[in-house]
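Protein chains: 4
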Amino acid sequence: MSELDRVISDLVVANRILAREGVVDAFGHISARHPERPDRYIMSRSRAPELVTSDDLMVFELDGTPVDARGRTPYAERAIHSGLYEARPDVQAVIHNHSYDVIPFSVTRAQLRPMIHVAASMGASAPVWDIRDKFGDGDMLVVTMDQGRELARAVGQGSLALMRGHGCVVAGETIKLAVMTAVYTQVNARLQMAALRLGEPKYLTAGEIEAMTRRQKTPVASDRAWEYWRERAGARDL
Amino acid sequence: MSELDRVISDLVVANRILAREGVVDAFGHISARHPERPDRYIMSRSRAPELVTSDDLMVFELDGTPVDARGRTPYAERAIHSGLYEARPDVQAVIHNHSYDVIPFSVTRAQLRPMIHVAASMGASAPVWDIRDKFGDGDMLVVTMDQGRELARAVGQGSLALMRGHGCVVAGETIKLAVMTAVYTQVNARLQMAALRLGEPKYLTAGEIEAMTRRQKTPVASDRAWEYWRERAGARDL
Amino acid sequence: MSELDRVISDLVVANRILAREGVVDAFGHISARHPERPDRYIMSRSRAPELVTSDDLMVFELDGTPVDARGRTPYAERAIHSGLYEARPDVQAVIHNHSYDVIPFSVTRAQLRPMIHVAASMGASAPVWDIRDKFGDGDMLVVTMDQGRELARAVGQGSLALMRGHGCVVAGETIKLAVMTAVYTQVNARLQMAALRLGEPKYLTAGEIEAMTRRQKTPVASDRAWEYWRERAGARDL
Amino acid sequence: MSELDRVISDLVVANRILAREGVVDAFGHISARHPERPDRYIMSRSRAPELVTSDDLMVFELDGTPVDARGRTPYAERAIHSGLYEARPDVQAVIHNHSYDVIPFSVTRAQLRPMIHVAASMGASAPVWDIRDKFGDGDMLVVTMDQGRELARAVGQGSLALMRGHGCVVAGETIKLAVMTAVYTQVNARLQMAALRLGEPKYLTAGEIEAMTRRQKTPVASDRAWEYWRERAGARDL
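Protein chains in written order, with my numbering: chain A, 1 to 238; chain B, 1001 to 1238; chain C, 2001 to 2238; chain D, 3001 to 3238.
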């Protein structure tokens, strides 16, 4: 299997996993940088992630221009992905989602912070980006390169940013790592919400975040999770 | 496919979607205005939405009189639908539900307001209608035209009203839009409930509500959601 | 189908419904008074409700003595059912469950009260019975007639009582009505818990409770719900 | 069936049950002491519990050294199991999990305590062990015998300990009892969290804990639950 074939296969499986784990619903998307053309990325046409097949995958220029549209309608919010691939050569995969557990942390002052070790890869805390601050009232979608670049700036060198009243964006070194960060950020949000009812939680320290993130990147951890999520999503043979 | 056939098909699918997304349980119903006879509407006989087939669909006069009963028992609360079709020529679809996430906002002073962009079509805030205010103690069902008209008055030019200790009614320009409003109003209720634990949430502004509602009505958004929900409901071939 | 056959069939279906709706887990049980012998009742052998078939059904004397054990082990807590059938000739069905949403109201001073119209049949409020008050420290199970009679006293002329740190008992005029009360008491508990976060909820008035309970007992309401729950439980052909 | 065959079969079923009941996700594991060699234990290779088959089971020395690796990668956190089997000859089964409902009690001062009778086997309250206290900042995994022994010390003569920001460990006299404790500790956590919103809950007394734990160990209780969970997990024929 070529590197490109592997990315395509992982991307389809990742779409199903994100749907099965409730990270995305009808909306949300995941992309991967093209393995042979780092100035391009691959992402489904406009379609709910649960339904995505390899035939839906399109290739885009860094600015979001489709290379091979063939009549397919792309997602409106390509600029989320464009902004990150342009700003961060280390990023190989980007997820945009409307995770229901995460969104409450995007509209209040409470900070989403890692409290469980498996959520370490989200980083020390989740910055919140409000499109209204710079772009004023609108439909809140990230559709211009300007907007995408601003959002990428909010992510900075981190792995994610929340989008006020909208969702979140996750950046990863691999498709598998981005999926793991997205899933466990959601789990962490749910658990932090619960823990806050009991008092001030103990969060992970900087040292724990660093050590545990390293651990999560080992194949023994990330492959185990991937195999499990893929099976649960019924995506073994995709 | 004639316009009437399309409405019938969409109505059956919508019933399944509302059941699958947990917007309705054994109770609740959705209707559509008759595409050839704006003084009539189409709705299932008295049956849980998850089980509705095209054979269950009946035609009603605007006042709720069945045109073609053929021994079938209609829903008791037809007046909810009658009231809205009578008052609002722009309304083509009406949903009544007992959404569990929405009901808590119907019995307290807390106001349900859009906090996430996909819930924009619910409008600036959800009015609460209490049948007891005008009709006194009773079984709380909306069964007379008087009651239906009062409820329609509470909806006004908006897209929904909550019914105290009972549920909610949603009005839409199309079946698909009404379904989207019902589903995301429920999601918004769940997320607002969570966010309120963290502090006062930032709600959508009037400008955001307007711009995002426009966006939700485009086929790229509403068809994508519809395709996804229909598949999840196992209703592709209905 | 004889009345006895109908009761047996409904009882098997009711077991599956209670399991599917999450009212019972591995534990909990439902019984029905014997239609030809009001001094006897019918209930499964000791088995999780989700797995019960007609072969599991046993007949008991009012004091819980098995009439036809044939080597089958009965539930330990038959006295819950015995106590109610003895005290209440009008009761034709009894459910004991560990409903997760209801239990929090059994260990605190907060009173479970009907807030949504479909929960009207639970009555004005749920009394809490603590076995420790009269019987002291023990395994908390209701296994003697004395204990069963005390619990029945807590129910009084009502339709249910909560059991502290344990669950609840529901009494009904029919199997279908008992199931409806058990399911919607659980829904009401979940919604009341949520509403209490937003402020003091408006509860149903005495007049609403009475009128709506009457409505719930009509076939148009109870059969619609039963058909839906039976289908969801995959119990159509049982 | 030999005792060893029975343990192997129960262990595979237990893996599936823990996955189905949401006690474990991609991570977490269950082991059993070898019935013929009390200085050894049996546990799956590194794999999500939902996917474990008998071919995945490996045998380990008490210090975690694999006896029969045959190229299979073991779990990194064997020391959790090693520590308990070494310290507690009465322990025949050990579960490590990341139960989402339990974790909030591991990061705050609120104490997880039994509130429902079916959770009695968790003991009077759940001690919390923080690996950071003795071992400082790290990836929070229990990978050395030193760490495993410290964790076993926190469990003491009890049946479980929470691990700060990580999960929990459960020790049982049998596989079935350990599974029951793990499942109902999770249920108790969820219900205690809810009850705390309503006021200070009544917890089980010492006498109730002792009497009910005895009850839970009888076959009529533990076999009924096991049969139910096994069926739900689709593991009847494993």
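For every residue, glycine included, the Cβ atom is placed at its ideal position computed from N, Cα and C.
For clarity, every value in this text was computed on a predicted model and none was experimentally measured.
query, result
"Cα-Cα separation between ALA3195 of chain D and ASP2090 of chain C, rounded to whole angstroms", "34 angstroms"
"Three-state secondary structure (DSSP) of VAL1183 of chain B", "helix"
"Beta-carbon proximity of GLU3006 of chain D to PRO3038 of chain D, cut-off 9 angstroms", "Correcting the residue identity first, residue 3006 of chain D is Arg in this sequence and not Glu. Cβ atoms of ARG3006 of chain D and PRO3038 of chain D: not closer than 9 angstroms."
"C-alpha gap between ALA1161 of chain B and ALA87 of chain A, whole angstroms", "46 angstroms"
"Reduced DSSP secondary structure (H/G/I, E/B, other) of PRO1066 of chain B", "strand"
"Nearest-angstrom Cβ-Cβ length linking SER2082 of chain C and LEU2062 of chain C, presumed shorter than 8 angstroms", "6 angstroms"
"Chain A contact residues for ARG1197 of chain B, given Cβ-Cβ distances below 8 angstroms", "PRO104, MET193, LEU196, ARG197"
"Amino acids of chain D, ordered along the chain, whose beta-carbon sits closer than 8 angstroms to that of GLY2172 of chain C", "In chain order: nothing, as chain D lies at least about 24 angstroms away."
"Exposed unless 16 or more other CB atoms sit within 10 angstroms - verdict on LEU84 of chain A", "buried"
"Beta-carbon proximity of ILE3080 of chain D to VAL3142 of chain D, cut-off 9 angstroms", "yes"
"8 angstroms Cβ cut-off: residues of chain C touching ARG3236 of chain D", "Near ARG3236 of chain D there are no residues of chain C at all, since even the closest Cβ is about 11 angstroms away, more than 8 angstroms."
"Euclidean distance between Cα positions of ASP1030 of chain B and ARG45 of chain A", "Per the sequence shown, residue 1030 of chain B should be read as Ile rather than Asp. Each residue's Cα considered, the two are about 31 angstroms apart."
"Whether VAL52 of chain A touches ASN97 of chain A by CB criterion (9 angstroms)", "no"
"Endpoints, alpha helix (DSSP H) assigned at MET145 of chain A", "145–155"
"Status (buried if at least 16 other CB within 10 Å, exposed otherwise) for LEU11 of chain A", "buried"
"Pair within 9 angstroms by beta-carbon distance, MET43 of chain A and PHE60 of chain A", "yes"
"Simplified DSSP state of GLY1172 of chain B, which is helix, strand or coil", "strand"
"Selected residue, minimal CA-CA separation from VAL2024 of chain C, among C:SER2002, C:MET2001, C:ALA2048, C:ARG2040", "C:ALA2048"
"Neighbour flag for GLU2086 of chain C against chain B, beta carbons, 9 angstroms", "no"
"Contacting positions in the region 44–61 of chain A - beta carbon closer than 7 angstroms to chain B", "SER46, ARG47, ALA48, GLU50, LEU51"
"Own chain, CB closer than 7 angstroms to PRO114 of chain A, minus 5 neighbours either side, in chain order", "ALA120, MET122, ASN188, TYR203, LEU204, ILE209"
"Stretch pair the region 1122–1137 of chain B + the region 1153–1167 of chain B: three plus CB contacts closer than 8 angstroms", "yes"
"With 16 other Cβ atoms within 10 Å as the buried cut-off, status of SER54 of chain A", "exposed"
"DSSP state of MET1001 of chain B mapped onto helix, strand, coil", "coil"
"Inter-residue spacing [alpha-carbon to alpha-carbon] between LEU2112 of chain C and GLN2186 of chain C", "10 angstroms"
"Reference ALA221 of chain A; option with closest CA among D:GLU3021, D:GLU3003, D:ALA3076, D:ALA3032", "D:ALA3076"
"Alpha helix (DSSP H) segments (min. 4 residues) lying fully within the region 2039–2115 of chain C", "2078–2087"
"Nearest to VAL1183 of chain B (by Cα), restricted to the options B:ILE1095, B:GLN1147, B:MET1163", "B:ILE1095"
"Cβ-Cβ distance between TRP2163 of chain C and LEU2151 of chain C below 9 angstroms", "Checking the displayed sequence, the identity of residue 2163 of chain C turns out to be Met instead of Trp. Their beta carbons are under 9 angstroms apart, which means MET2163 of chain C touches LEU2151 of chain C by this criterion."
"Candidates B:GLY1138, B:THR1213, B:GLY1136: closest to LEU1177 of chain B by CA position", "B:THR1213"
"Between the CA atoms of PRO104 of chain A and VAL1118 of chain B - distance to the nearest angstrom", "14 angstroms"
"Min CB distance HIS1098 of chain B to chain C below 9 angstroms", "yes"
"Simplified DSSP assignment, three categories, for VAL1128 of chain B", "strand"
"Residue of A:PRO201, A:ILE175, A:SER106, A:GLN192 minimising C-alpha distance to LEU18 of chain A", "A:ILE175"
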